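Visitor:
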Ligand SMILES: Cc1ncc(COP(=O)(O)O)c(C=O)c1O
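Residue numbers (my numbering): 6 to 477.
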C-alpha cells in the first residue's frame, strides 16, 4: 500500500468507524458465532502475493464482524467497560503512524514528556496525593494494563523488603503478600511470575460488604512474622471486579505503615469515579499508599491499552527494574535530567500511549468527563433502587458507583437461564458473578454513549425475560 492508497483507504476506514459507532446498536451485543466458525472461512495459507485493501476490508466486514462482541455498544453492560471515543482513536492512529518507541527519553522526547505531563494532570484531576507528582519523590507512568502495574508494584515491594537481595540471589521462599478473597486474579499471576509462590499469598476474608477485613489482615501479618516470614506487600482495591467493593484503605494503610509493608491500591475501573470530587471519599487513605493504578481504558473513554500507575517513591521502582546495557547508554540519560520510562515498566519498548489520553482529556475537558461519570453512577443508583423495590428481584451488594449485582429470587438455575436468554437475544449483554456462593447478574454502565434510556431499557428487558421464563 503506497501513501496515496493509504490516504484513500484511511478515509474509508474512518468513514466506516463513524458509521459503525452510529449504528452499533443494530448488532447483537454479544457475538453469536460458534467456535471454529470464523477460522473455517479464512484461507489455510497466507497469500503468496500482496492483496488489495478492499479485499481485506471486505473480509473484515463479512468474516470477522459477526465474530465481534460490541464493547462500544451502549447496550454493553458486561464485565467492566473497555470504552473508547473518537478523540482516543485519533490519538491511537497518530501513535501507530508515528510508530515511535518511547523506551528512553532520547528515543522520542515528546513521548516521555507528554506522558509525564498528562500523568501530573491526572494527579490533579483525581485529587491524588502530591507525592505521585513527577516533581516530588514519585511519579506516574502508563502501563499496558492494571496487571502489569500490579507486577511492577510487587517487584518494587519485593526489592524494598529485601534491600535488593532478591534481584541478585532470587527468592528464598519467606516473602508473603496479602490480598482479599475479592482481589483481582492478576495479583495471583504476579505472585507466580515474581517467584513469590501461591503458598505465600494470603487471601484475607471480607466483611458483609465484600471489603477486606483489616483486623484479619493485621492478625495474619502478625502470625506470619511470628513464623519467621517476611510480609512485604498488601494489595487493596477500590472497586473490586466482582461487586465493586471498596476495601477499608485508611485502616489497611495504617497497618502497612506500622508493619513497613508496601501498599498497592488497585482502582482499575472505579478510580475514574474520583474525577468527581464527591466520589473521592473512596480514595481516603491513599495518601499512605506506596503505589496506585487505574485504567483510563476501562471507564475514561480511552481505548485499550492505558493503565496509569503512580508510585510514591520512584527510587524503589527504579532499583527493582533498572537495566543499563551498553547499547542504551546516551548522554541525556547520563545527565540525570530526564526520565527513561523503560525502567518504570516490565518491557523495554513502549508505545506513545499518552497521545490518546491527552486527546481524550482535551476533547472532553475535566467537566465533560465529570459529567459522564456522574451520570453513569446516577443511572445505576436509580436502577439499583428499582431492582431493590421489585418483589421478584434483590440487590446483593452495596452499589457505590456504576455496577449493580442483583438476582431474581428464584435461585441460581433461574438466574443462569435468565442471563443466557438475555445474552442470546443480543439486545443487551450482561455477565455474572457469585457472591456468598449465590449466582447473580452484574450490570455495569460505563460505555461512552450509554444513556439513562439504555439503562432503563435493559431493566425492562430483564423483567420481561424473567416473566417469560417464569411462565414456562
Ligand atoms: C479491579 C481490577 N483490577 C485489575 C484488573 C486487570 O485489568 P487489566 O486487564 O488492565 O490487567 C481488572 C480487570 O477487569 C479489575 O477489574
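Positions of the beta carbon are idealized from the N, C-alpha and C atoms, including for glycine.
Computed from a prediction, not measured in an experiment: that's the story for all the values here.
Quick one: measure Cβ to Cβ for residue 277 and residue 299, integer angstroms, because I've assumed they're closer than 8 Å.
Guide: Locating residue 277 in the chain shown gives position 272, where the first residue counts as 1. Locating residue 299 in the chain shown gives position 294, where the first residue counts as 1. 6 Å between Cβ atoms; contact.
Visitor: If you measure between the beta carbons of residue 81 and residue 34, is that distance less than 8 Å?
Guide: Indexing the chain shown from 1 puts residue 81 at position 76. Indexing the chain shown from 1 puts residue 34 at position 29. Against a cut-off of 8 Å, the Cβ pair of residue 34 and residue 81 comes out as a contact.
Visitor: At what residues does the beta strand (DSSP E) containing residue 399 begin and finish?
Guide: On the chain shown, residue 399 is found 394 positions in, with the first residue counted as 1. From DSSP, the beta strand (DSSP E) with residue 399 extends over 398-400.
Visitor: So, for residue 358: in the same chain, excluding its five sequence neighbours on each side, which residues have a beta-carbon less than 6 Å away from its beta-carbon?
Guide: Your numbering for residue 358 matches position 353 in the chain shown. Closer than 6 Å at Cβ, skipping near neighbours: 147, 311.
Visitor: Between residue 245 and ligand 1, is there a pair consisting of the residue's CB and a ligand heavy atom that are separated by less than 7 Å?
Guide: As a first step, residue 245 must be located in the chain shown, where it is residue number 240. Result yes, Cβ under 7 Å from ligand 1.
Visitor: Which residue wins for smallest C-alpha separation from residue 412, given the options 397, 403, 172, 43?
Guide: As a working mapping, residue 412 is identified with position 407 in the chain shown. Minimum Cα distance to residue 412 is reached at 397.
Visitor: Whole angstroms is fine: what's the gap from residue 302's alpha carbon to residue 462's?
Guide: Here residue 302 corresponds to residue number 297 of the chain shown, with the count starting at 1. Here residue 462 corresponds to residue number 457 of the chain shown, with the count starting at 1. Each residue's alpha carbon lies about 26 Å from the other.
Visitor: Mind checking whether the beta-carbon of residue 271 lies closer than 7 Å to any heavy atom of ligand 1?
Guide: As a first step, residue 271 must be located in the chain shown, where it is residue number 266. Yes.
Visitor: Once the 5 residues before and after residue 234 are set aside, which same chain residues still bring their CB inside 6 Å of it?
Guide: In the chain shown, residue 234 corresponds to position 229, counting from 1. Answer for residue 234: 179, 181, listed in chain order.
Visitor: Taking residue 245 as part of the beta strand (DSSP E), name the residues at either end of that continuous run.
Guide: Along the chain shown, read from residue 1 onward, the residue named residue 245 stands at position 240. Premise fails: residue 245 is in no beta strand (DSSP E) and is neither H nor E.
Visitor: Could you give the uninterrupted runs of the alpha helix (DSSP H) lying entirely in the region 100-178, keeping only those of 4 residues or more?
Guide: DSSP runs (the alpha helix (DSSP H)) wholly in the region 100-178: 114-131, 151-166, 170-174.
Visitor: Which same chain residues end up closer than 8 Å to residue 422 when comparing Cβ atoms and leaving out the 5 residues on each side of it in sequence?
Guide: One-based indexing of the chain shown puts residue 422 at position 417. The residues are 474.
Visitor: Is it a yes or a no for the region 219-237 touching the region 252-270, going by three-plus beta-carbon pairs under 8 Å?
Guide: In short, these stretches touch, since the Cβ pair count reaches three.
Visitor: CB of residue 312 to nearest heavy atom of ligand 3: below 7 Å?
Guide: Summarising the ligand content, the structure contains ligand 1 and does not contain ligand 3.
Visitor: Comparing alpha-carbon positions, which option in 441, 451, 467 lies nearest residue 79?
Guide: Residue mapping note: residue 79 aligns to position 74 of the chain shown, counting from 1. If we check each option's Cα against that of residue 79, 451 comes out closest.
Visitor: What are the complete beta strand (DSSP E) segments, minimum 3 residues, inside the region 185-221?
Guide: Counting only runs of 3 or more, we get 206-209.
Visitor: Within this structure, are the beta carbons of residue 187 and residue 117 separated by less than 8 Å?
Guide: Reading the chain shown from its first residue, position 182 is the one you call residue 187. Reading the chain shown from its first residue, position 112 is the one you call residue 117. Going by C-beta atoms, residue 187 is not nearer than 8 Å to residue 117.
Visitor: Taking just the CA atoms, how far does residue 87 sit from residue 11?
Guide: Here residue 11 corresponds to residue number 6 of the chain shown, with the count starting at 1. Here residue 87 corresponds to residue number 82 of the chain shown, with the count starting at 1. Their Cα atoms are separated by approximately 28 Å.
Visitor: If we require 4 or more residues per run, which alpha helix (DSSP H) segments fall completely within the region 376-446?
Guide: Listed in chain order, they are 417-430.
Visitor: Pick from 314, 468, 444: whose alpha carbon is nearest that of residue 123?
Guide: Position 118 of the chain shown, counted from the first residue, corresponds to residue 123. Answer by Cα proximity: 314.
Visitor: So, for residue 316: in the same chain, excluding its five sequence neighbours on each side, which residues have a beta-carbon less than 6 Å away from its beta-carbon?
Guide: For the purposes of this step, residue 316 is identified with residue 311 of the chain shown, where counting begins at 1. Within the same chain, residue 316 has close Cβ partners 143, 296, 322.
Visitor: Return yes when at least one heavy atom of ligand 1 lies under 7 Å from the C-beta of residue 85, else no.
Guide: Within the chain shown, the letter at position 80 stands for residue 85. Yes, since a heavy atom of ligand 1 falls inside the 7 Å radius drawn around the Cβ of residue 85.
Visitor: Which residue from 271, 384, 13 puts its Cα closest to that of residue 189?
Guide: For the purposes of this step, residue 189 is identified with residue 184 of the chain shown, where counting begins at 1. Of 271, 384, 13, the residue nearest in Cα terms is 271.
Visitor: DSSP state of residue 261, grouped into three classes?
Guide: Position 256 of the chain shown, counted from the start, is the residue given in the question as residue 261. Three-state result, residue 261: helix.
Visitor: Indicate whether residue 393 and residue 111 have their beta-carbon atoms separated by less than 8 Å.
Guide: On the chain shown, residue 393 is found 388 positions in, with the first residue counted as 1. On the chain shown, residue 111 is found 106 positions in, with the first residue counted as 1. Not a contact, by the Cβ cut-off of 8 Å.
Visitor: For ligand 1, is there a heavy atom less than 7 Å away from the beta-carbon of residue 242?
Guide: For the purposes of this step, residue 242 is taken as residue 237 along the chain shown, with counting starting at 1. Yes.
Visitor: According to the neighbour-count rule (16 or more other Cβ atoms, all chains shown, within 10 Å of its Cβ), is residue 6 buried or exposed?
Guide: As a position in the chain shown, residue 6 is number 1, starting the count at 1. Under this definition residue 6 is an exposed residue.
Visitor: Beta carbon of residue 100, beta carbon of residue 121: below 8 Å?
Guide: Start at 1 with the first residue of the chain shown, and residue 100 comes out as number 95. Start at 1 with the first residue of the chain shown, and residue 121 comes out as number 116. No, these two residues do not count as a Cβ contact at 8 Å.
Visitor: Go ahead and pull the three-state DSSP assignment for residue 251.
Guide: Walking along the chain shown from the start, residue 251 turns up at place 246. DSSP places residue 251 in strand when its eight states are reduced to three.
Visitor: Verify the contact flag: residue 189, CB atom, against every heavy atom of ligand 1, threshold strictly below 7 Å.
Guide: Counting from one through the chain shown, the residue named residue 189 turns up at place 184. Flag set: Cβ of residue 189 near ligand 1.
Visitor: Can you tell which of 344, 228, 449 has its C-alpha closest to the C-alpha of residue 119?
Guide: The residue labelled residue 119 in the question sits at position 114 within the chain shown. Here the closest residue by C-alpha is 344.
Visitor: Any heavy atom of ligand 1 closer than 7 Å to the CB of residue 217?
Guide: The residue given as residue 217 occupies position 212 in the chain shown. Residue 217 Cβ: outside cutoff for every heavy atom of ligand 1.
Visitor: Is residue 151 a contact residue of ligand 1, with contact defined as CB to any heavy atom under 7 Å?
Guide: Along the chain shown, read from residue 1 onward, the residue named residue 151 stands at position 146. Within the cutoff, so yes.
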